[in-house]
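Structure record follows, encoded as structure tokens.
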Amino acid sequence: YVRKSLGRGIIRKYLTPDEKLVVVTFDRAVEDLIASGINQRDDGSTSLMLEPEIAQRILNRVAEALEAFQTTGTQPIILCGSYIRWDIRQLVNRFIPGVVVLAFDEIPAGTQTKSIGIVSL
21 YVRKSLGRGI IRKYLTPDEK LVVVTFDRAV EDLIASGINQ RDDGSTSLML EPEIAQRILN
81 RVAEALEAFQ TTGTQPIILC GSYIRWDIRQ LVNRFIPGVV VLAFDEIPAG TQTKSIGIVS
141 L
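Start counting the sequence shown at 21; every next residue gets the next number (the numbering used here).
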């Protein structure tokens with residue numbers, strides 16, 4: 021909830037000069053697959069438990085989708101559901117540092133987004 025209320029401040033530095041947020045997203049099947057691998061710990065934290073081959077395929081597809089950012093001159097951003105944001109951030113930044121992972125509900129109403137790729141398997 022805190023990130024949602026700070027949304028405008030969070031995204032401001034990632035907007036293009038024409039006020040668009042350039043992103044890649046996950047298709048629903050990939051989001052569902054990731055969500056099914058999230059385990060809730062006793063302390064309230066989560067851990068992502070995916071088969072290594074599945075995790076590698078997801079990372080490969082993310083890397084391919086992020087290549088589109090080379091021509092935009094903008095910060096690589098993944099936009100996903102809030103229920104997987106933290107776990108995606110942990111997975112992706114371990115192997116592809118510097119990628120910003122935002123949740124849909126962190127994007128303030130009225131913000132224009134431009135999707136330049138969809139991660140699918």
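Yeah, the Cβ is synthetic: ideal placement off N, Cα and C, and Gly gets one too.
For residue i, which of helix, strand or coil comes out of DSSP?
i, result
"Gly137", "strand"
"Val119", "coil"
"Thr91", "helix"
"Leu111", "helix"
Name the two residues that bound the continuous alpha helix (DSSP H) containing residue i.
i, result
"Leu53", "48–56"
"Ile142", "Within the shown structure, residues of the chain are numbered from 21 to 141, placing residue 142 beyond reach of any answer."
"Leu86", "72–86"
Would you mind giving the Cβ-Cβ distance between residue i and residue j, rounded to the nearest angstrom? I have them listed as a contact below 8 Å.
i, j, result
"Thr133", "Val43", "6 Å"
"Asp107", "Ile138", "No, Asp107 and Ile138 are not in contact; Cβ-Cβ is about 19 Å, not under 8 Å."
"Ala85", "Ile116", "11 Å between Cβ atoms; not a contact."
The beta strand (DSSP E) spanning residue i covers which residue range?
i, result
"Thr66", "66–68"
Quick check on residue i: buried or exposed, where buried means 16 or more other Cβ atoms within 10 Å of its Cβ?
i, result
"Ile54", "buried"
"Arg105", "buried"
"Thr36", "exposed"
"Ser122", "A small correction: the amino acid at residue 122 is Leu; Ser does not occupy that position in the sequence shown. Buried, by the Cβ-count rule."
"Leu141", "exposed"
Taking 6 Å as the cut-off, is the beta-carbon of residue i closer than that to any non-hydrogen atom of the ligand ATP?
i, result
"Leu68", "The ligand ATP is absent from the structure shown, which contains no ligands of any kind."
At least three beta-carbon pairs within less than 8 Å, the region 82–99 to the region 59–74: no
For the region 98–113 against the region 124–140, are there 3 or more C-beta pairs whose distance is under 8 Å? yes
Does the region 78–89 come within contact of the region 105–112, defined as at least 3 CB pairs closer than 8 Å? yes
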